[in-house]
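Structure, as structure tokens:
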Amino acid sequence: MNLRPLAVFLCMTLAAFAQNDGKVSLRTLCFQHVDDIREVQVLQGPEGKESGVPVKLFTSAFSDAVEISVKDGILRFAVPVEDAEAGKPAFRVVAEAKSPGGERQLAIFFPSGDKDMPYRVSLMDESESSFPMGSTRIYNLTPTDARFTIGERAAEIASGKMAVLDLPEKVNALNQATVRFYLKNRDGEWEVISSTVWQATDGMRGLALAFLHPTTKTPTVNCLQETPPWRLPKLE
């Protein structure tokens, strides 16, 4: 997999985020597991005396939310060090990122290609003011330009960039919209990579990750639609 556009995207994204401290409800999504790390600890407390809040890394679903504290605008993710000696660090940091602010945040984990820091993290504010209901957030992690359409909504996204599409208005009798993903070929023409239909509703949001499959090197797009857990009915 070509990690260059991914690295460019993450560097630009993280540089733009302002620091934010305080209590945060955090969820995660993992693009691809590295070193079979399927759970991380969000480090809390002063350096050398940290405790960890565990959170799962799922590749096909969002994790449950955990409540954490953010200090100095930085989130550090680690794994426990087995048989750590007295006076030695009890955790090994595998990723860190600047907080974008907001009381609800989503951490998306990507392979970094760095042996010492195996994951890179894109942290996004997933509050509805930043990520509205009915919209779709799209990450282009391919090495070329991409085009994404949902009904009449369309966005051309440069390699390593992100875009947001609003809820479409042109739908079929079942309230569905056609969703297509294109990549620009060597002739500079748009080539359809995938085509499907989504339910168009302001009761859900979408997240799309476009990338080259690490094994087959074929263009792939993973799309997740969900109703955020805070909007689900509460059981008595």
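Residue numbers (numbering that gives the first Met the number 0): 0 to 235.
Ideal Cβ positions, reconstructed from N, Cα and C, are used throughout, including at glycine.
Since this is a predicted model, take the numbers as computed values, not measurements.
Asked, Found
"Going residue by residue through the stretch 65-103, where are the continuous beta strand (DSSP E) segments of at least 3 residues, counting only ones entirely within it?", "65-69, 73-79, 90-97"
"Does the beta-carbon of Gln104 have 16 or more other beta-carbons within 10 angstroms, so that it is buried, or is it exposed?", "buried"
"Please look up how many angstroms separate the CB atoms of Phe108 and Glu95, rounded, as I've assumed it's under 8 Å.", "That belief does not hold up - the Cβ atoms of Phe108 and Glu95 are roughly 12 Å apart, past 8 Å."
"If contacts are defined as beta-carbon pairs under 8 Å, then Thr195 and Asn174 qualify, I think. What distance do you get, rounded to the angstrom?", "15 Å between Cβ atoms; not a contact."
"Short check: CB of Val93 to CB of Pro117, under 8 Å?", "yes"
"In this structure, what does DSSP give as the bridge partners for Met123?", "Leu105"
"Please state whether DSSP places Pro131 in a helix, a strand or coil.", "coil"
"Short check: CB of Trp197 to CB of Ile149, under 8 Å?", "yes"
"Leaving out five residues on either side along the sequence, give the residues of the same chain with a beta carbon under 7 Å from the beta carbon of Cys10.", "With a pLDDT of 48 at Cys10, under the threshold of 50, the predicted position of this residue should be treated as unreliable, and no value is reported."
"Assign Glu151 to buried or exposed, taking buried as 16 or more other Cβ atoms, counted over all protein chains shown, within 10 Å of its Cβ.", "exposed"
"By a C-beta neighbour count over all protein chains shown, 10 Å radius and 16 as the cutoff for buried, is Asp82 buried or exposed?", "exposed"
"Give me the Cβ distance between Ala154 and Phe180, rounded to the nearest whole Å; I'm assuming they're in contact under 8 Å.", "The pair is not a contact, with the Cβ atoms about 11 Å apart (cut-off 8 Å)."
"Does the Cβ-Cβ distance between Gly72 and Lys48 come in under 8 Å?", "no"
"Consult DSSP for Pro45 and reduce its assignment to one of helix, strand or coil.", "coil"
"Below 7 Å, is the gap between the Cβ of Ser111 and the nearest heavy atom of the ligand ATP?", "This structure lacks the ligand ATP; in fact it carries no ligand of any kind."
"Which class does Pro167 belong to by DSSP, given the choice of helix, strand or coil?", "coil"
"Could you check the C-alpha separation between Val220 and Gly51 for me, to the nearest Å?", "33 Å"
"If we count Cβ pairs, one from each stretch, closer than 8 Å, do we get three or more for the stretch 221-228 versus the stretch 158-166?", "no"
"Going by Cα to Cα distance, which pick from Glu84, Ala106, Leu164, Lys22 is closest to Thr58?", "Ala106"
"On a CA-only basis, which of Gln40, Val178, Val191, Ser24 is nearest Met123? Give me that one, please.", "Ser24"
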